[in-house]
Structure formats: C-alpha cells, structure tokens
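A short write-up of the structure that comes next.
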Amino acid sequence: MSDPILTVEGLKAYYRVGQFGKNLDIRAVDDVTMQIERGEIYGIAGESSSGKTSLIKVLAAAIRPPLQVIDGSVRYDFGGRIIDPTKASKAELAEIRWKHLSYIMQGSMSVLNPVRRIEQTFRDFAQRPLGLSGAAFRARVEEHLDHLKLPTSVLRSYPHELSGGMRQRVTIGLATVCRPEFMIADEPTTALDVVVQKEVLSLLRTVQQEMGASIIFVTHDMSVHANMTDRIGIVYAGRLVEEGPTRTLFTQPKHPYTAHLVASLPMIGDTRPRPALEGRPPSLADPPKGCRFHPRCPMATEICSREVPPLESVGDRHRSACWHADEVRPLVEPAFDKAAGGVRA
Amino acid sequence: MKGFTAWGLAFGVATLTTAATAQDEATAPPITEFPRNETLIIQNPEPPATNPPNFNLWVAGNGAALSNGNQQLVADTLWFIDPDAGLDGAIYNQLADEGWQYNDDFTEMTASLREGIYWSDGEEFTAEDVVYTVETQMATPGMTWSAAFNENVESVEAVDDYTVRFTLKEPNSRFHALFSVRWNGAWIMPEHIFSEVDDVTAFQFNPPVGLGPYTLHSFDPNGSWYAWQKREDWDRTAMAQWGEPGPEYIIYRSIPNIDNRLIEMSNGNLDLIHDLTPEGTFSIIEDRDSVRGWFEGFPYAHPDPTLPMIIFNTQNAPFDDRRVRWALALMLDARAMSMASYRGAATLSAISVPPTGTHPDDYHMPMQDWLIDYELDLGNGETIQPYDPNIGMQIADMVRPQFGDEVPTDEAAIQRAFGYGWWRQDIDAATTLLEQAGFTKDGNTWMTPEGEPFEFTINTFSEGVINRLGTIIAQQWSQQGIEVTPLADPQIFGTTLPLGDFDVATAWSVETWGGDPDLSFFLDSWHSDFVVEPGERQPSRNWQRWENEELDRIIEEIRVTEFTDPRNLELGQEFVRLMVEEMPVIPVMSYNVFSVYDTAYWEGWPTAEENPYANIVNNWANSKYIFTQLTPTGAE
Amino acid sequence: MRGYFLFAAKRFLQLAVVVFAGTSAAFLVAHFSPISPVETIIGRVSGQSSFSPTAVESLRATLTELFGYDQPLWQQYLNFWGRFIQGDLGPSLIAFPTPAMELVMRALPWTVGLLTVAIVISWILGNLLGGLAGYFQDNRILKSIGVVAIGIQPIPYYIIAFLLVILFGYVWPVMPISGGFAMSVRPAWSVDFVLSVLWHSLLPAFSLVVAGIGTWFFGMRALVSNIVTEDYVTYADLAGVDRRTVVGGYVMRNALVPQLTALAMALGGIFSGTIITEQVFNYPGLGSLLIRAVNGGDSGLVLAVSCVAVIAVASAIFIIDLLHPLLDPRVRVG
Amino acid sequence: MLTTFRDLFRYNIEFRIGIVLVAIVTVFAGLSWFSPYPPEMIYVVVPDQPPSAEYWFGTNSRGQDLFWNLTFAFRNTLGFGLLVALLSRIISITVGMTAGYLGGWTDRALMFVNDIFVALPIFPILILFYFVLRNDLDMVTLAIIMACLGWPFDARLIRSVALGLRHREFTRQAIFAGMNPARIMFQEHLPFVMPIVFSTAMANMIWSIGFEVTLGVLGFTNLNIPTIGTTLYWANNHSALVVGTWWWIIIPVVLIVIAFLGLFLLAVSMNEHIDPRSRLRRMGTGV
C-alpha cells in the first residue's frame with residue numbers, strides 16, 4: 001500500500017429528500033473506506049441499488065442534489081497533485097477531468113450526443129485537456145483510434161450510425177484519448193452481447209495496461225469481475241462489506257454475501273441447485289440495525305442485529321465486515337482460473 | 001447574444017420580403033409630409049378598399065371605394081339636394097347653372113350647364129360629357145345607372161356646348177332626381193378619358209380625373225387611406241362659387257375598429273369621425289373638449305333622412321294581416337327601444353317620414369293633432385287612441401339623471417331631438433287584435449290560427465344600433481308570448497330584403513331628400529307595378545312587397561306633379577295617413593349617425609343649432625360643402 | 001442523399017394530400033352556403049340604383065353561367081379543380097369581377113411577413129428562455145419569467161392585442177395603431193419605407209410574440225428538464241465539457257428537434273391569431289380580407305382565402321419538415 | 001385513476017391549485033341556475049353601473065347584470081369546452097389506440113390521416129362553417145365541428161403510449177389467453193392511457209374555448225347565446241374599454257384566466273405524473 005492514487009476515508013453520501021416538511025435520508029454510501037493503487041483495476045460489485053452507483057458518482061465528482069456528501073474524504077493523488085473532488089472548486093475539477101480522471105458510462109446507446117458527429121464529441125471532450133489545435137488534435141485522435149484498431153471513419157459518423165459495440169469502443173477511445181491516470185468504468189458492457197462484450201473488455205484491458213492507468217470497474221456481473229479486476233470491493237446496502245484480491249475473494253470469501261454472489265455464477269456442467277438468497281436488499285432510507293445483511297443472512301446471530309461489524313483485515317490485503325468471517329466457507333467448489341480468461345456463461 | 005442576432009436577421013429578412021412584394025405600386029416620391037394645419041383627416045366608414053387602385057365609380061360592385069373622397073372631392077354632377085338646410089337653400093345648382101326645366105307634359109328635360117368648368121387634367125367640361133355619360137351607360141349593361149337611364153331616356157342631345165336636352169320615354173316629373181345628389185347621384189364621366197378606353201367596365205380610372213376641387217395625391221395600396229390635394233385651378237370648378245376650400249390636403253382613412261377611431265381622434269390624428277357607438281360618442285365628447293357632435297348636447301347625433309323601421313314581408317302569412325301588424329306595433333315600448341338602441345339618443349317617428357331636415361315642419365308638427373285624435377278600430381267594436389305625444393318628454397326625463405344640462409328642457413327642442421311621439425304600449429288592444437285575427441293564447445304562448453305556436457325570426461344588422469333595436473324588439477315580443485329570435489344578418493340589404501327571404505326585419509325602406517318635402521325619392525319604387533312574386537328579386541325599395549290601390553294613386557299623381565308644387569306635400573301627408581292605417585312597416589326613428597368632429601385644427605363646421613348648412617355624415621357626397629367653410633385654427 | 005429524397009418525396013405526397021383534402025372540404029362547405037354568389041352580385045350591382053326586372057334576369061343568367069351553377073355538383077367540382085390548378089378561384093364578389101386570387105395575393109405578403117417575423121421571434125426567444133429556465137432551474141430571473149408566462153398564457157389573444165393598442169396608442173401614444181406603413185412614405189425599395197413597415201409591424205408582431213412565446217417557453221422548459229437527465233448530458237458534464245457547449249450543443253440542440261416538430265404542428269393555430277391581429281391593428285393581410293369577405297357574403301373570396309391558407313400552412317409545414325433532417329441526423333436515413 | 005387523483009391532490013401543489021381554480025369557475029357557472037334574469041334579456045337593470053354591493057360585477061351597456069350574465073356565459077363556454085373535449089376524446093382514443101395497438105399498415109394509414117388534420121388551418125375552416133350555417137351554428141354544432149378538428153394532436157400522444165403497452169408482458173398474456181383486440185385495448189390498455197387522456201382533455205378544453213372566444217369576439221357565432229366570446233363581442237361593440245366600462249372586459253377576462261390557469265395546471269401536473277423523470281427532478285429541486 002505504498003502509492004495509492006485514490007484514498008477514500010469514512011465517506012458518507014446521502015440522498016437528502018425533503019418533501020412536505022419531512023426530511024428523508026437515503027444512505028446510499030455509508031462509511032466507506034478504501035484505497036486504490038496505481039495501475040490497478042479495482043472492481044466494485046453489488047446488486048442494483050446497493051449504492052455502488054452513488055459511490056462512483058462521488059468519486060467522479062458528479063455530486064448533484066439531492067445527493068450530498070455528509071462526512072469523510074476522497075483524495076486523489078495525480079502525480080503529486082492532491083485533490084478532493086468533494087471539496088474542490090469547479091475550476092479545479094475542470095482541470096483534472098478527462099486529463100487525469102475519465103469515465104466510461106453505462107448504456108452505450110445513450111452516452112453519445114445523437115445530434116453530433118463523433119469527431120465533434122471528441123473535440124468537446126478532449127480538445128481542451130489536450131490543449132491541441134485543430135489539425136494536431138485531429139491527428140492525435142486518429143492516431144489514438146488507429147491504435148485502438150478503430151476505423152477513423154467513425155469520426156464522421158453520427159452515433160446512431162454505429163453498432164452498439166462500436167459505440168462502446170468509441171466511448172473507450174473517448175475516455176482514453178487524453179491518457180488519464182484514473183478511469184471510472186460504470187457497467188461498460190452491460191447492454192452488449194457476449195461476444196462484443198469480450199472484445200470491448202479486452203480492448204479496455206489492453207489500453208489500461210499500456211497506459212498504466214487505474215480503473216474502478218463497476219459491474220454486477222461477477223464473471224466480468226473475474227476476468228477484469230485485480231481487486232474487488234463488495235458493496236451491500238451502502239457499505240463496503242468485503243474487499244480483497246479477486247482470486248482470494250472467489251476462492252475464499254469471508255463474507256456470507258460474497259459467498260452467495262460467487263455461488264450465483266453459473267458454471268458449465270454444474271447442475272446442482274443453487275442456494276438462493278432470500279429476501280430483498282434493504283431500503284436505504286431505513287436500513288436494518290447492526291449488520292445490514294443480517295435479515296437475509298443464514299449465519300446471522302444475535303450480535304449481527306445489534307452491532308455494525310467493522311471492516312477488518314482477514315488476510316493479505318483482504319478485509320471483511322462480518323462478525324462470523326472465520327466461519328464463512330465457499331458455497332460451491334471454487335473453480336476460478338483467471339489465467340484461462342474464459343467467461344463462464 | 002446569439003439569439004438577438006438571429007432575431008434581427010429574421011426580422012430583416014421578413015421585412016424585406018414584405019417590402020419587395022409591396023413594391024409593385026411604387027410610383028410617387030418617397031416622402032410627403034402632410035402639415036397638420038393644412039390637412040383635414042376624415043374617417044371613411046367603408047372597410048379598406050377591396051380593390052384599392054380602382055376609382056371607376058360608374059361600375060357597381062367592382063370593389064372600388066366610393067366614400068374615400070372620390071365621390072365627395074372628385075366627382076360632380078348637375079344638382080345637389082341637401083339633407084339639411086344648405087348654404088343657400090337645400091337645392092344647389094352644381095354643374096347646371098340653373099334648375100331643371102321640363103316641358104309641359106314632362107317628356108323633355110333641359111339642363112343648362114355652367115361655363116368655364118374644367119376637368120382636373122385641364123380639359124373643358126361640356127355638354128358632350130353629359131351626353132357621353134348617359135349614352136355610354138345606356139349602351140353598357142351592368143353600369144351603375146344603366147338601367148335607370150334605359151328605363152327613362154329615349155334620347156339625349158347636346159343642343160350646344162352648354163345645353164343638354166333629354167327626351168324621355170314616358171312623362172316623368174322626377175327625372176332630374178337621377179342627376180341630383182342625395183348621398184350620390186349619376187356622376188358625369190370625362191368623355192375624353194373614357195372614350196379612349198376599350199372596356200369601360202374593366203377600366204380602373206387611376207388616377208381619377210374629376211370636376212371637383214381636389215385631385216388624388218396618393219393612396220395606400222392596401223386601401224386603408226386616400227390622400228387628396230387641392231387643385232391649383234380649384235376656381236375652375238363648380239365648387240368655386242362657395243369660396244376656396246380650406247384644407248390643402250384631405251385624407252380619408254378606413255378605421256374599422258371603433259376603439260381605434262376614438263384613440264386616433266384623442267391623439268389628434270382624426271378631425272371627423274363618420275360614426276361611433278352612442279357610448280363612444282358620450283365618452284369622447286366628455287374627454288376631449290374640442291370634440292362635438294351635430295347637436296352640442298344630447299342626443300349629439302345627426303339624424304339622417306333615413307327611417308329605421310320594422311319591415312314585414314307582407315307576402316308571408318300572417319304578416320299580410322293588418323291586424324297582426326298593428327298588434328305587434330302595440331306590443332312595443334318606444335322608451336325601451338330608444339334606450340336600448342340609442343341610449344335614449346333616438347329621434348322617434350310614428351309616421352313613415354324621417355323626423356329630420358325640413359320634415360318635422362312639413363309633416364310631424366302639422367300632423368300632430370291628427371295623430372293624437374287617430375282612432376284605431378280593434379274589430380270587436382272597440383276603438384282606441386293609440387298615439388302618445390309625450391313619449392319624447394318621458395325619454396328626456398329618463399336620460400336627464402345621466403346627462404344633466406346636456407338634455408334640453410324646452411318642449412320644442414325635446415320634440416326635435418327625441419321625437420314628437422309614438423304609439424303607446426297597449427297589450428290589451430294588441431291581444432284583442434290578435435284574437436280578432438284568429439290567434440289564441442295558450443298559457444303565455446300565442447298560437448296561430450293553424451294551432452302552431454306563433455314564432456318567427458327577425459333579421460337585423462350584425463352590429464350597431466340597428467342590431468340593438470332588433471334585439472330589444474325580439475325581446476319585447478317574446479315577453480308577450482311570441483317566440484321571436486333576432487338574427488344578425490350581414491347580408492340584409494344584399495340578399496335578404498331583395499329576395500324576400502325574411503318574415504320580419506329591422507332595416508329601412510324609406511329614405512327621403514331630407515331638405516325637401518317631396519317623397520318620390522323612395523316612394524316611386526313602391527308602386528305595385530314593381531312588386532314581384534315571392535322568391536323573386538324585388539327592386540329597391542319596397543322590401544315589404546306591399547301593394548295598395550290608394551298608394552298607387554298617390555304615386556301616380558306625384559309623377560305628374562312638378563317637384564316644387566305644394567300639392568306634393570298634400571300627397572305626402574295622404575301617404576302618411578294611409579301608412580298609419582295599414583301599418584305595412586312600423587316606423588321607429590330616424591337613423592341617427594354619431595358623427596363627431598374635432599375643432600382643434602379646423603373651424604367653421606356645421607352645427608344643428610346655429611348653422612345646419614350641411615350634413616356632417618361624411619360618406620355623403622353632400623358633405624363636400626363643409627370643406628369650403630373650414631379655416632385652420634392655427635394649431636399644429 | 002437517396003434517403004433524404006425518399007423522405008422529401010413522402011413529405012411532398014403528404015403536402016399534396018393535405019392540400020387536396022383541405023381545398024375539397026373548403027369547396028364542399030362553401031358550396032352549401034345558402035348565400036348565392038349570383039344573388040350577391042346582383043344585389044351589389046343593382047344596389048345603387050333601380051334595376052329593371054329584365055335587366056336583373058339577364059344579369060342573373062350571365063352570372064349563373066359564369067359560376068357554372070347550372071351544372072351538377074361533380075361537374076362543378078371538376079371545374080373547380082381545373083381552374084384551381086391554373087391558380088384561378090373565380091371572381092370575387094365584393095370586387096366583381098376582379099379575380100379572388102388577385103385580392104388574396106395582394107394580401108398574402110403582409111400576413112406572411114408579419115407571421116414570419118412574429119413566429120421566428122417568439123420561437124427563438126421562447127425556446128432560448130425556456131431552455132435556460134429548464135437548465136438553470138434555480139435562477140430567480142428565469143423563474144419569475146416562468147411565473148409571468150403562466151399568467152399571460154391564458155389571456156385570450158384578442159385582449160392582449162387590444163391592451164397593447166390601449167397602452168401604446170392611447171395611454172402612452174408612441175406607436176402607430178393602424179396600417180401597414182405611414183401615409184408619408186410610398187412603397188419602394190427605400191430605407192424610409194422599410195423602416196416604416198418595420199415600425200408599423202412592431203406592435204402587431206409584439207402582440208403575437210407575447211401571445212405565442214409561452215407555448216415555446218413551457219415546451220422547451222419541460223423538454224430541457226428531461227434532457228438534462230439524459231446520459232449524454234451527464235457524460236459531457238462528467239467530462240468537464242464547457243458549460244456553454246453543454247447547454248447549447250447538447251441540451252438545447254436536442255430539444256430543438258421536437259420543438260421544430262411542434263412548430264410545424266402549431267402553424268395552423270398561429271394563423272388564426274393573425275386574423276384578430278389584423279382586425280385590432282387594422283393591418284393589411286389575409287385576415288382582414290377574410291373578415292371582409294365573410295361580411296360581404298363573398299363565398300368566392302372566402303373559399304379562395306381558405307384554400308390559400310390551407311396551401312400556405314401546409315407548405316410552411318412542408319418546409320419545416322424538410323429542415324427536420326438537418327437538425328436531427330437520425331431522420332436522414334429513415 | 002382515482003388513486004392517481006388522490007396522490008396528485010396530496011402531493012402536487014399545482015394540481016391542488018388547479019382543482020381549486022376550476023372549482024371556482026364551475027361553481028360560478030352553476031350559479032346560473034339561480035339567476036333572477038333570463039340570459040338573453042337586455043335592459044333589465046340600469047346600464048353602465050360599476051361593480052357595487054347591488055351589482056357585484058357591475059352592469060353592462062346592454063342593461064344586464066354582469067354577474068348573472070357571466071354565470072350563463074361560463075356555463076355555456078365550459079359546457080362547450082367539455083363537450084368538445086368529450087367528443088374529441090372519443091375520436092382520439094379510438095384512433096390513437098387502434099393505431100398504437102394494431103401498428104403496421106393501419107398505424108401508418110391512421111397517422112397519415114392524422115397529419116392531414118394537423119396541417120389544416122382550423123380557423124378559416126370554422127369561419128367557412130359560420131359563413132354557411134350562420135345562426136344555425138349553435139354551440140352543439142360548433143362543438144361537433146371542433147371535435148372533428150381537435151383530436152389529432154392527442155391521438156398521436158395516445159398512440160405513443162399504446163405503442164409502448166403493446167410490448168408489455170400482460171399484453172402478450174392477454175393475446176395468448178385469446179382476448180380479442182378490442183377487449184385488450186379497452187380493458188387492459190385503457191387504464192394506462194387514461195392519465196394522458198385526462199391531461200390532453202384539459203389542454204383540449206383550453207384550445208376549444210380559446211377558439212370559441214376568438215370566433216365570438218369577431219361576431220362569428222350565434223350572438224344571442226351568452227358565452228365568453230359573445231360577452232367580449234358585445235363589450236367591444238359598445239367600446240367598453242375606451243369608454244370606461246372596464247369591468248365588462250376585465251371581469252370576464254380575469255375569470256377566463258382563472259379557468260385557463262386551472263385547466264393548464266391540471267394538465268401540467270397530470271403530465272408530470274405521467275412522466276416520472278420530471279417528478280424525480282422535482283423531488284430533487286425540492287431540497
């Protein structure tokens with residue numbers, strides 16, 4: 001843990017909704033602490049509305065009402081330039097955006113302005129951070145696309161003229177053209193079919209390795225995590241419940257929720273019935289006391305409903321927030337082989 | 001900023017488009033100022049001309065404006081008969097230098113023309129122009145006076161340059177009426193212009209060449225204003241005998257919106273308004289000190305020699321029944337009609353002659369006693385005396401709380417202003433008459449002799465005082481158990497009345513000279529010879545389609561009585577008595593026009609009290625005499 | 001390009017059908033008018049003097065033949081189209097025998113000019129303000145503009161126009177309240193004339209703008225407040241794209257597409273407003289002509305104005321439709 | 001639908017204001033049944049009286065008590081608006097849902113017709129009808145004509161909603177269950193379409209009443225029937241604003257603005273309910 005590019009400490013970000021005199025807090029991010037290393041792909045996993053989107057909104061400095069940062073700090077270190085997106089001025093943020101910090105968004109269908117040619121979008125996004133004039137800029141973009149093995153003809157296209165996969169690759173090109181040190185990828189492949197998904201992921205991985213950038217990679221798809229990430233943080237009901245190297249988490253989960261997530265991965269040839277997780281994720285407006293997972297947890301005991309378990313080290317770079325971390329066992333036979341690189345479907 | 005640039009750009013482009021398309025009328029110099037102290041501005045009651053560059057007023061219905069100054073300032077003819085007192089009597093010799101001359105049996109009329117009169121292009125006016133005017137229209141159907149000339153004229157000849165002789169087909173003591181202007185008349189055509197034209201009906205006559213003291217200066221290609229300039233040789237026109245016209249420029253503007261007329265006059269942009277609502281008149285006279293109407297005080301308006309009335313289509317049952325017509329008349333409350341239509345500013349008339357000009361002296365006053373004593377036979381042995389001579393007084397009392405000193409108190413003045421009297425509302429007598437006619441009452445509903453509910457529609461104007469009159473009449477009849485619906489009918493004179501496509505209407509079929517007791521102007525057309533079958537087009541003006549032997553006798557006698565013969569007045573009074581007896585129309589009041597003028601820039605206007613020398617209702621061609629009397633006040 | 005031609009061809013077909021249906025409907029409705037044009041003309045021609053019955057009869061026969069009223073309805077309808085295609089809609093009755101079309105064409109530029117100015121201004125201004133109000137939802141000035149617009153929107157147009165006349169013609173008489181240009185200038189390609197036309201169109205145009213701007217303001221505000229939640233806007237914001245670019249190139253630009261469609265759909269309605277404008281401001285144009293035609297019982301002219309209105313509105317919509325692909329690249333292919 | 005109204009009433013201030021405003025004019029119109037004067041009678045009271053304790057809204061130059069006269073005017077005008085809205089709803093629902101549900105050729109044909117109607121300039125056509133019918137153009141006839149011209153906008157909106165419903169799961173189930181299209185449309189889909197029907201109905205009322213006022217002001221309706229349009233016509237005919245009987249114009253205008261504002265707010269709040277995105281946003285800005 002020598003040189004983290006991002007350090008998050010005790011971050012609390014709530015949706016504060018005031019209507020008809022009542023104040024309602026939706027605790028989307030509740031006391032999250034984490035660090036991300038340079039050159040690392042850090043996965044964030046969790047069900048929908050677990051708060052993972054809110055977390056990355058804060059990290060991407062896209063905090064808009066009613067989302068508010070209540071407590072804690074976020075600290076980027078871009079080669080000695082320290083910035084906290086929750087406190088920085090607009091001008092400061094504008095300085096780092098795209099140059100140091102870029103973003104790949106969910107939903108390739110709708111992230112590109114439908115009435116602008118791709119080239120224009122590149123200009124809007126990247127010309128200022130790159131500080132290049134027209135021709136030089138154009139050359140740089142074409143070179144970059146070439147590098148990504150994308151045809152430069154896409155520059156003259158409108159988004160609707162491109163296929164979904166091409167659009168997402170263009171988005172990756174867009175996010176990487178400035179060679180940022182940090183990227184946030186929010187469900188970048190969710191809407192794509194499997195074959196395209198694989199191509200896009202490998203493209204992303206290639207670019208990342210070349211640039212040595214860090215990525216926060218958010219998806220609910222554990223198989224993608226298995227393929228992409230170095231480390232994973234599991235988010236449940238607004239809290240980070242377990243964090244560790246990808247392989248460790250898949251083979252030796254130390255949180256019952258993680259164990260369930262891993263077990264939910266379908267595997268070829270495996271016809272055993274899967275132990276289903278009962279119940280629904282809790283309301284973030286009124287989360288359960290104690291461990292937020294306890295109403296659904298098969299291992300819950302009395303303490304779980306009373307006290308919040310701390311996120312404590314349970315191994316090498318491996319932390320878990322469970323009163324019974326020692327007792328957690330994988331629910332299925334670990335069958336993780338990252339080297340094989342295959343996506344199980 | 002982007003928005004503003006685009007705004008400006010769009011504005012510019014659109015304007016240029018407009019300008020470019022309007023450009024085809026481009027002729028005159030780009031800018032003319034009309035100095036206020038040399039310019040008289042008049043409202044023309046016509047809507048903006050449909051066919052603005054057309055000045056050919058010998059072709060009817062061609063969309064040319066008429067009262068835009070063309071017929072007041074440019075056109076001229078032999079005689080004028082004024083609806084009011086006139087500058088020196090009501091009859092003017094205009095292009096003729098003396099009165100009309102008939103032979104003994106009224107088969108020839110000779111007119112002696114004024115010498116030294118010139119057209120505005122410098123050509124001299126001669127008998128040839130008159131002959132051309134008559135012969136051209138006789139030879140070209142569809143011109144305004146084609147039919148009239150064809151019916152009357154056997155031949156016309158220029159005896160010499162200044163004498164014209166007409167040979168008539170039949171004896172007619174009123175042939176001169178065609179060349180005597182009341183509102184308009186048969187205008188003389190410039191022979192030297194029209195004889196050069198292939199198709200006189202399609203000829204636009206732009207610019208017009210006239211005999212009046214003004215010529216066309218410029219006009220709006222959209223037809224909403226016409227500016228006229230005084231001729232340098234104004235003294236070579238027939239108007240010169242009354243002196244030099246005051247204004248260098250006269251502008252006629254069409255302002256359809258009444259509120260805009262008021263605003264323009266308040267802002268000093270209008271000297272004479274042709275017509276307003278009663279309310280508008282009260283308001284502007286109160287607001288602007290220099291503005292007044294024909295009467296200084298209440299009722300302000302000028303009574304035109306036109307008689308708004310209830311017209312029955314006497315070819316339709318049950319309006320062919322004199323008892324029904326009288327019953328309907330007795331159901332009406334004259335006070336309510338006056339208040340509802342004119343806010344009390346009506347001049348009522350129970351008889352078929354408008355209470356205007358010289359008529360009150362000739363008819364209303366002398367016949368007052370006869371009317372008071374008149375007995376109506378109800379048919380069941382009872383008689384009533386329906387005439388109420390005090391109604392004018394009662395209305396004066398009704399409006400006094402609002403207008404105070406503006407309302408006259410002297411009885412004679414009240415009779416002049418509010419009328420000499422009208423029929424007393426008498427529901428009992430009306431009931432008796434209707435029952436005599438076979439009607440029955442079922443609850444509060446009158447049933448016809450056929451057992452149907454008695455209901456009908458009353459066609460009325462689509463706006464203004466006559467509309468209000470129709471509405472209140474319908475309401476009064478409805479209150480008595482006859483379901484009457486008022487119908488606002490813009491085509492009332494165009495098709496409804498001529499085609500007889502109505503049961504009852506509020507309009508008029510009586511129009512007189514105003515300044516002369518002679519009634520032939522309208523009465524001749526009431527002869528039964530002209531009455532057509534139902535559904536066919538009735539020629540003007542017997543819209544009631546009423547036939548009566550006694551009426552025919554009166555008309556025939558007038559035809560062979562000289563215009564100035566006192567016998568005419570006796571015949572007129574006989575006609576009045578016949579109309580009261582038969583009630584084919586219910587006369588209501590004179591057509592009071594709320595003309596107002598502003599004395600801020602011009603003075604010398606006619607007034608009802610001291611100097612009623614001309615009609616201020618300015619679409620009348622007769623209003624031209626006013627311009628010779630005006631002098632600038634010096635205000636700018 | 002082929003896609004565009006196909007698109008344009010389809011639109012043109014639609015234009016043709018609209019014109020056909022609209023004018024046919026107008027013809028049929030006008031045909032059932034109880035006011036006979038023949039009798040109207042006879043009334044006008046004979047109104048000023050007495051006409052002998054025989055003269056009336058011969059005039060009636062001539063006119064009946066001229067209008068083809070002795071023929072069956074379908075024949076009249078075919079004749080109508082025959083003449084219509086040549087731009088002839090028969091004589092007007094209130095300016096007999098001037099062709100109705102000539103009167104219409106004289107009035108048309110004024111209406112088109114006034115409407116174009118008013119529509120362009122209110123559309124641009126309304127969309128600009130509405131767009132800003134939708135984007136900067138907490139801006140006080142824009143919020144109060146919204147409140148004012150809500151208050152003005154429901155006032156009947158006639159009242160707005162009339163209040164302007166009272167205000168600027170009476171209370172504070174600084175503006176001309178009637179006519180298309182001043183009496184002191186003549187129609188020509190001169191600065192004076194153009195300025196005079198502008199000056200006289202200001203108040204009528206302003207009344208149309210005041211009345212029309214609310215629709216665009218509210219429409220745009222609603223659209224923008226939805227578009228700002230679109231991914232591409234969020235994404236551009238995240239990328240630190242320049243604010244003005246986001247507002248202009250991302251938010252407004254995308255909202256313009258439906259607003260342009262809305263403009264096309266609103267044209268027919270806007271045309272109605274101008275009739276009252278011309279009445280109140282005594283402004284030349286189709287509206288005044290239509291009113292005069294109705295009051296004059298001129299069925300020929302009413303029909304001509306209706307047909308030209310149908311054509312003008314449909315053509316304007318057609319032109320806007322042709323612009324559509326320029327604003328929205330997605331339409332180009334389809 | 002009812003719960004929609006309840007929710008709206010509870011949580012949406014615009015909806016509440018709208019309801020109150022519309023209620024005010026409705027009650028006002030309802031008072032016409034208690035009027036001491038028949039509406040068409042003129043010269044029943046002293047004319048030109050300003051508002052006072054005796055005449056709340058003053059009297060007009062035709063000698064009518066403006067308060068009672070306006071109750072009739074509002075009854076007729078609102079009734080007219082409702083009738084147009086009702087009739088045009090029938091057409092727009094039928095066309096919109098048929099096009100949306102059946103899709104394909106039917107959809108294209110219907111939308112083609114729809115676009116023709118959109119492109120027609122309504123006002124000259126209405127004037128043409130007046131020109132032909134004159135006094136026979138009573139409120140019901142006018143309402144029918146307006147309804148025939150006033151449906152296409154809304155049919156398009158309804159179609160777009162119906163188009164979305166076609167792909168929903170329950171539609172497929174209904175088809176498998178053998179329901180016929182008409183039943184699916186009117187039993188299964190109609191409830192989803194109702195909010196937009198309601199919202200467009202409000203907008204349609206504003207539209208049709210606006211036309212009524214315009215026609216009336218020009219005198220192109222039956223002038224014997226008191227409506228807002230004819231009220232303004234008569235006021236104009238008596239130069240009301242210029243001669244100082246301002247209440248004859250101002251009061252009906254204020255009332256019609258209240259009515260329009262009410263309808264407008266109802267339509268807007270209903271729209272918001274339909275489009276949850278703007279609702280979320282509203283929650284956000286409510287902080």
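Residue numbers (the UniProt record's numbering), protein chains in the order written: chain A, 1 to 345; chain B, 1 to 636; chain C, 1 to 334; chain D, 1 to 287. Glycine included, every Cβ here is placed at the ideal spot set by N, Cα and C.
Cross-chain neighbours of residue i in chain B, by beta carbon under 8 Å
i: D/Ser239; result: Ile258, Asp259, Leu262, Leu276, Thr277, Glu279, Gly280 and Ser283
i: D/Ser61; result: Glu279 and Arg343
i: C/Glu65; result: The premise fails here: C/Glu65 is roughly 15 Å from chain B at the closest Cβ pair, so nothing lies under 8 Å.
Short Cβ contact (7 Å threshold) for residue i with residue j
i: B/Ile41; j: B/Ile251; result: yes
i: B/Pro587; j: B/Asp275; result: no
i: B/Phe80; j: B/Gln71; result: no
i: B/Ile384; j: B/Gly421; result: no
i: B/Gln241; j: B/Arg335; result: no
i: C/Tyr235; j: A/Met105; result: yes
i: C/Gln76; j: C/Gly87; result: no
i: C/Val313; j: C/Phe271; result: yes
Member of the options whose CA lies at the smallest distance from the CA of residue i
i: A/Leu11; options: A/Thr33, A/Asp3, A/Pro4 and A/Val17; result: A/Thr33
i: B/Leu178; options: B/Thr144, B/Val200 and B/Glu196; result: B/Thr144
i: B/Pro566; options: B/Pro141, B/Asp362 and B/Asp82; result: B/Asp362
i: A/Arg239; options: A/Ser54, A/Ile5, A/Tyr42 and A/Pro245; result: A/Ser54
i: B/Gln629; options: B/Met337, B/Gly246, B/Leu569 and B/Phe521; result: B/Gly246
i: D/Val253; options: C/Trp189, C/Leu163 and C/Ile319; result: C/Leu163
Contact list for residue i against chain D, beta-carbon separation under 8 Å
i: C/Val18; result: Asp115, Ile116, Ala119 and Leu120
i: C/Ile150; result: Leu261 and Phe264
7 Å Cβ cut-off: residues of chain D touching residue i
i: B/Met339; result: Tyr43
i: C/Val29; result: Leu128, Phe129 and Val132
Residue i: contacting residues in chain D (beta-carbon distance under 9 Å)
i: C/Ile155; result: Val253, Ile256, Val257 and Phe260
Chain B residues whose Cβ lies nearer than 7 Å to that of residue i
i: C/Ile35; result: Gln491 and Thr495
Under 8 Å by beta carbon: chain A residues contacting residue i
i: C/Leu260; result: Going along chain A, no residue has its Cβ under 8 Å from C/Leu260, so there is no contact; the nearest lies around 12 Å.
ask   = According to a CB-to-CB cut-off of less than 7 Å, which residues of the region 452-476 of chain B neighbour chain D?
value = Ser462, Glu463, Thr471, Ile472 and Gln475
ask   = Does the region 45-56 of chain A come close enough to the region 222-233 of chain A to have 3 or more Cβ pairs within less than 8 Å?
value = yes
Residues, ordered as in the chain, of the region 477-498 of chain B that lie near chain D by beta-carbon distance below 7 Å = Thr485, Pro486, Leu487 and Ala488
message = Across the region 78-88 of chain D and the region 176-193 of chain D, are there enough close Cβ pairs to call them in contact, namely three or more that are closer than 8 Å?
response = no
ask   = Which residues, in order along the region 285-310 of chain C, keep a beta-carbon less than 7 Å from a beta-carbon of chain B?
value = Ser288, Arg292, Asn295 and Gly297
Segment contact, 8 Å Cβ cut-off, at least three pairs: the region 139-151 of chain D with the region 71-81 of chain D = yes
key: Inter-stretch contact at 8 Å, needing at least 3 Cβ pairs: the region 235-246 of chain C / the region 117-133 of chain A   = yes
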